[in-house]
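The block underneath contains the structure these notes are about, expressed in structure tokens.
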Amino acid sequence: MTTATVSPNTVSPNNTVPTNAAALLNDAAAIAGRPLSAVTGAEIQAPLIQGGHVRYANLDYGASAPALSVVSAYLNEILPFYASVHRGAGYASQISTSVYENARDIVRDFVGGRPDDSVIFTRNTTDSLNLLAGCLPATDGRPKGDVLYLDIEHHANLLPWQGVPHRSVVASDTISGTIEVLRAELEQGNVSLLAVTGASNVTGEILPIRALAALAHEYGARIVVDAAQLAPHRRINITADDVDYLAFSGHKLYAPFGSGVLVGRADWLDAGTPHLAGGGAVREAKLDGVSWATGPARHEGGSPNVLGAATLARATQVIASLDQDRWHAHEAAIRSFLVDGLGKIDGVTVHQIFSDTDADTGTIGVVNFSVAGYDAGLVAAYLSAEHGVGLRDGRFCAHPLLKRLGLPSGSLRASFGVGSRLEDCLLYTSDAADDLLCVDLGGRRI
């Protein structure tokens with residue numbers, strides 16, 4: 000693997016591993032041997048097909064991460080006060096309203112938002128990006144410019160733009176080359192928005208969002224970052240990176256209840272068609288017309304997901320409080336052992352998009368691989384039934400990317416986070432030729 004030609008330190012210091020984290024990797028076993036933060040369900044026992052139970056080894060954080068124990072405790076603390084928000088003078092309503100509105104400020108701080116940025120709570124990242132797609136500047140009902148997106152995107156950052164003028168761009172096989180491909184497309188003009196992922200949900204590779212934001216702005220476009228995978232693994236500062244819009248989900252950030260958020264510049268959002276027409280989104284409603292609210296209320300019609308917003312905000316506080324050096328060393332140690340172990344197994348290929356991704360600083364806790372001669376679904380089912388290991392198989396809501404990688408029927412993805420420990424994620428080989436995979440320090444194997 001080659002060293003990235005686009006230095007992460009020149010792209011965004013908030014999205015990279017601190018330099019002294021490398022020293023911590025010398026104590027990898029101690030760092031990665033225990034969770035950084037306690038999560039619910041860490042000790043659940045998974046039944047095995049041959050009988051008995053083992054501790055469930057969760058390698059599927061990238062789909063939905065387990066709730067942080069602190070978040071679970073916070074939920075129990077505020078649940079007795081759950082009531083309607085914005086609409087009641089009663090004590091419980093006042094408490095719920097305060098919790099809900101304070102959550103906006105907490106989330107804004109978490110992503111380094113600007114003071115006047117809107118923070119709109121949604122159902123998930125998909126919902127957030129669909130909301131933004133409905134707010135693109137328009138003349139006579141037609142968006143003023145095209146939306147650019149890459150062929151490596153999750154469907155959440157691909158399908159919403161297909162209903163508006165758009166251009167899909169084939170990424171280069173290098174990060175630096177992809178920047179130049181996007182530059183060439185932007186030079187053609189008439190682009191209003193560049194939509195990019197912060198980190199691939201398929202391979203875990205990080206894109207240089209600061210460089211991409213500067214590129215978009217150079218040609219008069221704005222940028223939106225799908226941070227569903229990036230936010231649980233890296234510090235983000237949209238002010239420092241000059242990112243216009245950011246979307247992410249609670250369920251990938253250790254918070255339950257199906258919450259999401261869109262943070263960004265208010266002008267487009269205040270002028271856009273309300274995402275949900277209904278109560279709370281209006282200043283005045285008449286039988287034959289309406290005056291819509293501005294601010295987040297414009298797009299949050301109906302009773303909001305108060306507990307989802309509250310737990311999302313609490314999760315961001317926990318993540319923000321982590322020691323950054325130890326956080327990244329923990330993740331890098333697990334990933335290194337995992338990739339090294341897979342590399343020793345005949346027939347196993349670890350997949351990545353870009354040849355210039357730096358293995359130490361340019362990836363999050365996601366590893367994508369395939370096993371020659373084995374269907375991905377069969378391997379995943381076997382690991383679950385025989386060994387209590389949970390990982391993801393399939394096409395990961397990124398069909399164009401899987402086709403590009405030569406994996407049209409899918410692959411396997413192991414993903415981990417702050418609740419992971421080495422015994423969940425260490426894959427290694429034995430001397431026996433029929434041992435395909437060995438998972439955890441206890442020797443569970445195919």
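Numbering follows numbering that gives the first Met the number 0, with no gaps: position 186 of the sequence shown is 185.
A virtual CB, placed ideally from N, CA and C, is assigned to each residue, including glycine.
Across the set Thr272, Leu67 and Asp115, the C-alpha of Leu67 shows the shortest separation from the C-alpha of Val38. The segment 39-52 makes no contact with the segment 278-287: fewer than 3 CB pairs, one atom from each, lie closer than 8 Å. The Cβ atoms of Ile105 and His298 lie no closer than 8 Å to each other. Burial state of Ile174 is buried, judged by a 10 Å Cβ sphere holding 16 or more other Cβ atoms.
Looking at the backbone, the Cα of Thr196 and that of Leu286 are separated by about 42 Å. According to the DSSP assignment, Phe336 belongs to the alpha helix (DSSP H) that extends over Gln323 to Gly342. Residue pairing by DSSP places Phe368 opposite Val349 and Leu411 in a beta bridge. Taking 8 Å as the cut-off, the Cβ atoms of Gly307 and Ser117 do not count as close.
Judged by their CB atoms, Val366 and Val378 are not nearer to each other than the 8 Å cut-off. CA-to-CA, the gap between Ala64 and Ala254 works out to about 8 Å. Between the alpha carbons of Gly40 and Ala56 lies a gap of roughly 10 Å. Contact between Ser92 and Ala82 holds: CB atoms are separated by about 5 Å, below the 8 Å threshold. Secondary structure within the segment 171-226: the alpha helix (DSSP H) runs of 4 or more consecutive residues, fully enclosed, are 174-185 and 208-217 (chain order). Here DSSP, grouped into helix, strand and coil, assigns Val169 to coil. Val180 places its beta carbon less than 8 Å from that of Val168. Contact between the segment 158-167 and the segment 134-147 is present: three or more C-beta pairs spanning the two stretches fall below 8 Å. Counting C-beta atoms within 10 angstroms of its own C-beta, Ile43 has fewer than 16 neighbours from the protein chains shown and is therefore classed as exposed.
The C-alpha of Thr138 lies about 35 Å from the C-alpha of Gly249. In the three-state reduction of the DSSP assignment, Leu390 falls in the coil class. Separation of Asp243 and Ile222 (C-alpha to C-alpha, rounded to the nearest whole angstrom) is 5 Å. The C-beta distance from Ala194 to Asn156 rounds to 5 Å, short enough to fall under 8 Å.
With contacts defined by Cβ atoms closer than 8 Å, Ala226 and Leu211 do not form a contacting pair.
About 15 Å separates the CB atoms of Arg334 and Gly32; that is not less than 8 Å, and the two are not in contact. With respect to Gly111, Thr293 sits apart: the two C-beta atoms are not nearer than 8 Å. Annotated three-state conformation of Phe80 is helix, per DSSP.
Ile363 is positioned such that its CB atom lies closer than 8 Å to that of His232. Around the C-beta of Gln351, 16 or more other C-beta atoms lie within 10 Å, and the residue is accordingly described as buried. As a beta-bridge residue in DSSP terms, Ser248 pairs with Gly259. Collapsing the DSSP output to three states places Ala45 in a strand. Under a 10 Å Cβ-count criterion, Gly342 is classified as exposed, with fewer than 16 other Cβ atoms of the shown protein chains found around its own Cβ. With distances taken between CA atoms, Gly219 lies nearest to Glu186 out of Leu337, Glu186 and Pro295.
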